[in-house]
Amino acid sequence: MINEFLKIQEELDVFPQGFKSLMIASKTKDGEPFSSYAPFVKVDDTFYFIISKMASHYQNIINYPVISILFLEDEAASKHIFFRKRLSYLVETSITNKKEVKDAMFEKFGEFVHMLFKMDFVIVSCKIKKGSFVIGAGKAYVIDEHQKVLKQMTGNNKGHGHRKED
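Under our numbering, think of the first position of the sequence shown as 148, with each following residue one higher.
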């Protein structure tokens, strides 16, 4: 079981590296869900994304800083549409202006980022609270705030807990 968890941890560590953007789910002032995406970088085990102050997410984050971020395997790369690999984190956000994060954004996205920073774009830091990593049917795992696999999710001690209700 330990070797299996080590393999899953390795897969978890590598999975976000294949993405240039992440999906965001935030809450509006009216309590309604809102989803979109944003380009991101990872620096020192923290995810950062860039958004405009004009974006709906900006005001949502200011009002309700706890959001969800998602990395979702491309449909074309997935072995099965019902079991796309995905990594979801519940995060607490804050606005930051760290030079090393700006440098990482420039390195990943090029000169265009400098233009955005001259406008109204800001960097949002994501402090992970908890997460989940799904790698296939019956293969869902609880992730802690340090991005470590804690345990396999179970619904009734029988795998992921899927069963037909009467």
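Note that the Cβ used here is the ideal one computed from N, Cα and C, for glycine as well.
query: If you drop the 5 nearest sequence neighbours on each side, which residues of the same chain put their C-beta closer than 7 angstroms to that of ALA104?; result: The displayed coordinates of the chain run from 148 to 313. Any statement about residue 104 would go beyond what the structure contains.
query: Under a three-way DSSP split, which group does PRO186 fall into?; result: strand
query: Quick one: is SER241 buried, meaning 16 or more other Cβ sit within 10 Å of its Cβ, or exposed?; result: exposed
query: Just the C-alpha distance for ALA185 and HIS204, rounded to the nearest angstrom, thanks.; result: 10 angstroms
query: Tell me which residues share the same chain as ILE214 and place their Cβ nearer than 7 angstroms to its Cβ, disregarding the 5 neighbours each side in the sequence.; result: ILE171, ALA172, SER173, ILE208, VAL238, THR240
query: Just how far apart, CA to CA, sit LYS155 and ASP177?; result: It should be noted that the sequence gives Ile, not Lys, for residue 155. Rounded to whole angstroms, ILE155 to ASP177 spans 38 angstroms at the Cα level.
query: Using CA coordinates, which residue listed in ILE198, THR301, PRO163 is at the minimum distance from LYS147?; result: Nothing can be reported for residue 147, as the shown portion of the chain is limited to 148 through 313.
query: Apply the 10 Å Cβ neighbour rule to GLN164 and answer buried if 16 or more other Cβ atoms are within range, or exposed otherwise.; result: exposed
query: In its own chain, which residues sit with a C-beta less than 7 angstroms from the C-beta of GLU98, not counting the 5 before and 5 after it?; result: As shown, the chain starts at 148 and ends at 313. That puts residue 98 outside it, with no answer to give.
query: Going along the chain, which unbroken runs of the alpha helix (DSSP H) with 4 or more residues stay wholly within the region 198-232?; result: 203-210
query: Using three-state DSSP, classify GLN299 as helix, strand or coil.; result: strand
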